[in-house]
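So the protein lines, in turn, are chains U and C.
The first sequence: position 126 = 126 (the UniProt record's numbering), numbered continuously.
The second sequence: position 358 = 358 (the UniProt record's numbering), numbered continuously.
Note that beta-carbon positions come from the ideal geometry of N, C-alpha and C, so glycine has one too.
Remarks on the structure that follows.
2 protein chains.
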Amino acid sequence: MPRDGRRQNSIIFAEIKQMGIVDPSLADAFSKIVGAANVVTEAEPLQRYAHDETEELVFLPDIVLKPRTAAEISAIMRLCNEHRIPVTPRGAGTGLSGGALPHLGGVVISTERMNSILEIDERNGQVMTEPGVITEVLQDAVKEKGLFYPPDPSSRGSCFIGGNIAENSGGPKAVKYGVVKDYVLNLELVLPTGDIIWTGANVLKNSTGYNLTQLVVGSEGTLGIVTKIVLRLIPLPRLDRLLLAPFRSLEKAGEAVAAIFRAGFTPSGLELVEVDALRITARYLDSTLPVPEDIEAQLIIEVDGNDPEVLMKDIEAIAVLLSDLGAGEDMLLAEDAAQKAELWKVRRRVAEAVKAAGYTIEEDTVVPRAALPALIRGVKELGKQYGFQAVCYGHAGDGNLHIRIKKAGSTNSQDDPLIVESLRALFRLVKELGGTISGEHGIGLVQKGYLDIVFTDVQLELMRGIKAVFDPNGILNAGKIFDKTNQ
Amino acid sequence: MPRDGRRQNSIIFAEIKQMGIVDPSLADAFSKIVGAANVVTEAEPLQRYAHDETEELVFLPDIVLKPRTAAEISAIMRLCNEHRIPVTPRGAGTGLSGGALPHLGGVVISTERMNSILEIDERNGQVMTEPGVITEVLQDAVKEKGLFYPPDPSSRGSCFIGGNIAENSGGPKAVKYGVVKDYVLNLELVLPTGDIIWTGANVLKNSTGYNLTQLVVGSEGTLGIVTKIVLRLIPLPRLDRLLLAPFRSLEKAGEAVAAIFRAGFTPSGLELVEVDALRITARYLDSTLPVPEDIEAQLIIEVDGNDPEVLMKDIEAIAVLLSDLGAGEDMLLAEDAAQKAELWKVRRRVAEAVKAAGYTIEEDTVVPRAALPALIRGVKELGKQYGFQAVCYGHAGDGNLHIRIKKAGSTNSQDDPLIVESLRALFRLVKELGGTISGEHGIGLVQKGYLDIVFTDVQLELMRGIKAVFDPNGILNAGKIFDKTNQ
């Protein structure tokens, strides 16, 4: 049920200050900066930039610009800053929190033409890239040199590395290798004023001034537009082993997750898929993956490294441990590349499958990992109480649980009051369990109404203060993360 | 040559705005907050708080307060904020950039009584601690549970974990395990206004709002006073192997560092000690460590893990690689715990030894690791040009090189114009090589005059802007990092 954003602005975004509009003379100026071929103003091609992967939100921009360089973005920003035009940066549009949506109209800056990997520095184990490179393309390019960039969101085949920076993306390997923030050394950033800075230096350790790099990572395009990215890389592990472990009890699965670490193992993947999600996905993909009758969840455990004997010893030791902790006898050790690929395919496409089954609202909660069973039980309880159905899956090793819900009798959109009420209850539970409301998707547009559950006014005022330092006129991705712009 | 700070304030810190003074009524109010026993105002005990490990700077505070709780610090901050009293937070006083020095007088808040480890959460692999816990005490406490907190600055036997947060400390294990910032999940922080916040959540992944946690790590006590710290822990590796490799050529040693990573190894330590530093230290410690005649540097390579065979295979493969790359035949594989301890003792005490030999100025440069040989050569060249002697040692795996210099005919203090001129040339070289001026010691008081070499005005204004958001009256650790407070 697409909605037109600007029609609704007066209601939803009443607190946003009056922004300028893109009049014809400005459109000409933009065209001179990026070249006429790289300006989109026609209604139909604009549609492509009106949505991302966040439910069914649709907000048409006035104009889309496709610059090639930081200098072009700087010139655009200066104009927009002067005329108070709202600017929304956009990568591949695969976001799940509406961060790239131009909900105030204005200018969308698409980084799609800034798609070069600038340098793979093998001696230092670093790569410098532009933001419009597809994450998997970057991973494959460094892999050819024996190097590894681990963060791999499910959308890695289509998302841009720049968007990953904006949302501080994670993915299944985060449990061993960390998330995007753990790999970003330095960023070239165009500020809303048009100034261009580097946020740090291309070094592995840095205690020189405030960590602007880490402030920008995960700031969802509200502080500046990233135009170059320097990432550290690590040696590529050559081998992995994959184990699928069914559990009759969610609690047992949760305990097993904690026990694996306590036994001294650090898996390179430790995923949990609740059985409902598993069945929906196996059906959706017509998969050969066995889903036993009487289970509550499956764990997927991956270990990686370079020594086949050590890996086999480790995965076997983990299997014994899991068996002692209540895993079913039908644990499956993936035998070959094809079986591993099938297993990961099922895991990676859970979101798509359950969405197709009507679970359109996706939440991205994160709790300390030992609290995961309590969170899943709690979600089911809340479902009974508020009348929604939920399926859960995610990165159990980090406590990062994706929850997809659907509710009969509601529009299943993020601004349905029935959904809002359910989500507030869910996020209060997450907070009580020591967690927070987004582990890797960001707040963007759809979660910002819930920030009061996890932040105090003092925390929010600090964040708004920082936003104002970078963006005094509040033009860049205005109204994202925070409820109001800074005035 | 101790100097009295306040006498010099008018010259050095002319730009600092006029601060209030601690009059007797305020001293009474402070006493009511923390208890009379936890207030220091007598000249002699105050001396202890007038210096740290940074050369010979001495600045007497007016008063030292030793609170026990965040609430007490909050009450102190409210008073100081109201009366514009400068506040300097202090850990163990082991800093190397003067960050804990009360150069404007005023109040020192010592965290020495906030020294409890609050909870070791084995299920989630986390520890919650107060800031006044000695780093090694914390490491030992979690080790007993089979858990590992890797960052281990040379001063780990005396420094406080709170100070490590302030400076984003590293140490030799950073090459594999990262620095302090890679372990901090959440911080309780008392703001200069007296408000108390948490900066994040106790979770491994977080894309909820700006990353205040990472902004505070390495901010050198200028944004708030950390009162609780939540760190993630990892499984403790049970074994390690240590190799000492002499190199006739610095360049060859530098190439060997890069080659180790390119061959797919990630050592848990990769240190370089230039031969001059090595000889001074071996003499100073009366060590049994062999220092061959004709070498330029030694590399110390450590690998760690849980499988003795794999470790031995790895360290032997590294030895073969190093031999091919020009390491001397007299490589030494440490045979037992005693020999390993001796080797690390020598490495850990280099700074102390060369300081005793008159190299009193320590710099903490960091470059991309492949640039290390060029940096060391450049340092020697600059030495000839500017008439100083330098010894180099440090964390070669991260490109973090400690450089200690002495200069005949100068006072060998950081404000000697001859030293300043030499250091400016050195830092320009570091910048040219793609590096920056502090890898793990911070800017504090002694490096702030050099920030213009690595930062533009735009970058500095952003940092000052952030400082003003947290500390509108500029009372907390005023005049550190930046040349002036925010006005």
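Buried or exposed: where does U:S268 fall if 16 or more other Cβ atoms within 10 Å of its Cβ makes it buried?
Counting Cβ neighbours within 10 Å, U:S268 comes out buried, since at least 16 surround it.
With DSSP collapsed to three states, give me the class of C:E53.
Three-state result, C:E53: coil.
Which residue's Cα is closest to the Cα of U:G442: U:V420, U:E53, U:I196 and U:Q47?
Of U:V420, U:E53, U:I196 and U:Q47, the residue nearest in Cα terms is U:E53.
Note down, in chain order, every chain C residue with its Cβ under 8 Å from the Cβ of U:P45.
The premise fails here: U:P45 is roughly 30 Å from chain C at the closest Cβ pair, so nothing lies under 8 Å.
How would you write the range of the alpha helix (DSSP H) that U:H103 sits in, first residue to last?
Taken as a continuous stretch (DSSP letters only), U:H103 belongs to no alpha helix (DSSP H), as it is neither H nor E.
Have a look at C:V180, C:G178, C:N202 and C:F265 and flag the residue whose alpha-carbon is nearest the alpha-carbon of C:E188.
Closest option to C:E188, Cα to Cα, is C:N202.
Report the rounded CA-to-CA distance for C:E271 versus C:I280, giving the unit in angstroms.
Near 17 Å, if we compare the C-alpha coordinates of C:I280 and C:E271.
Indicate whether at least one CB of chain C lies closer than 7 Å to the CB of U:S155.
No, no contact with chain C.
Within this structure, are the beta carbons of U:L236 and U:P308 separated by less than 7 Å?
No. Outside cutoff.
Ends of the alpha helix (DSSP H) at U:H395?
Run containing U:H395: none in the alpha helix (DSSP H); it sits in the beta strand (DSSP E), F388 to H395.
What does C:E432 reach in chain U if we use C-beta pairs closer than 8 Å?
Residues of chain U passing the Cβ test: none, with the nearest at roughly 12 Å.
Give a yes or no on whether the minimum CB-CB distance between U:T266 and chain C is below 7 Å.
Yes, U:T266 counts as interfacial toward chain C.
According to DSSP, is C:R6 helix, strand or coil?
Here the model assigns C:R6 a pLDDT of 38, short of 50, so the residue's position is not dependable, and the following value carries that caveat. DSSP places C:R6 in helix when its eight states are reduced to three.
According to the neighbour-count rule (16 or more other Cβ atoms, all chains shown, within 10 Å of its Cβ), is C:V273 buried or exposed?
By the neighbour-count rule (16 or more Cβ atoms within 10 Å), C:V273 is buried.
Does U:N486 pass the burial test, meaning 16 or more other C-beta atoms within 10 Å, or should it be called exposed?
No answer about U:N486 holds up, because its pLDDT of 33 lies below 50 and its placement is not dependable.
Going by CA-CA distance only, name the one from C:L244, C:I196 and C:T88 that's closest to C:L343.
It is C:L244 whose Cα lies nearest to the Cα of C:L343.
Assuming the contact rule is C-beta atoms closer than 8 Å, U:I300 and U:R347 should be a hit. Round their C-beta distance to whole Å, please.
That pair is a contact at about 6 Å.
Can you tell me whether U:D276 is buried or exposed? The criterion is at least 16 other CB atoms within 10 Å of its CB, across all chains shown.
Answer is buried; the Cβ neighbour count reaches 16.
So is U:Q139 in contact with chain C if we call contact Cβ pairs under 7 Å?
For U:Q139, the answer is no, since every Cβ of chain C falls outside 7 Å of its Cβ.
For C:F427, which of helix, strand or coil comes out of DSSP?
DSSP places C:F427 in helix when its eight states are reduced to three.
In angstroms with no decimal places, state the Cα-to-Cα distance between U:E167 and U:F160.
Their backbone Cα atoms lie some 11 Å apart in a straight line.
Could you tell me whether the Cβ of C:S74 comes closer than 7 Å to any Cβ of chain U?
Chain U, which has no Cβ nearer than 7 Å to the Cβ of C:S74, makes this no.
In the structure shown, what three-state DSSP assignment does U:S323 receive?
Of the three classes helix, strand and coil, the one that applies to U:S323 here is helix, per DSSP.
Which residues in chain C have a C-beta closer than 9 Å to the C-beta of U:Y284? List them in chain order.
The premise fails here: U:Y284 is roughly 26 Å from chain C at the closest Cβ pair, so nothing lies under 9 Å.
Rounding to the nearest angstrom, what Cα-Cα distance links U:S74 and U:I196 in this structure?
The alpha-carbon atoms of U:S74 and U:I196 are separated by roughly 7 Å.
Shortest alpha-carbon distance to C:I76 belongs to which of C:R48, C:L101, C:V108 and C:G93?
With distances taken between Cα atoms, C:I76 lies closest to C:V108.
For C:V127 and chain U, any beta-carbon pair shorter than 7 Å?
C:V127 does not count as touching chain U.
Residue ranges of each beta strand (DSSP E) run of no fewer than 3 residues wholly in the region 230-318 of chain U, ordered along the chain?
Taking only runs of at least 3 residues, the beta strand (DSSP E) segments lying wholly in the region 230-318 of chain U are 239-247, 269-274 and 297-305.
For a cutoff of 7 Å on Cβ pairs, would you count C:P24 as touching chain U?
No, because no Cβ of chain U sits closer than 7 Å to the Cβ of C:P24.
Can you tell me whether U:L372 is helix, strand or coil according to DSSP?
Looking at U:L372 - three-state DSSP - the assignment turns out to be helix.
Cβ closer than 9 Å: which chain C residues qualify as neighbours of U:D452?
None at all; the shortest Cβ gap to chain C is about 12 Å.
Residues in its own chain within less than 7 Å of C:P472 by CB, not counting five upstream and five downstream?
So no residue of the chain qualifies.
Below 7 Å on C-beta distance, what does C:Y210 contact in chain U?
L215, S219, M463 and I466, listed in chain order.
So, U:V430 versus U:I403, is the Cβ gap smaller than 7 Å?
No.
Have a look at the DSSP bridge pairing and note the partners of residue 488 of chain C.
Beyond the ends of chain C as shown, which are 1 and 487, falls residue 488 of chain C; an answer cannot be given.
Measure the C-alpha to C-alpha separation of C:G394 and U:G465 and round it to an integer number of angstroms.
Rounded to the nearest angstrom, the two C-alpha atoms are 38 Å apart.
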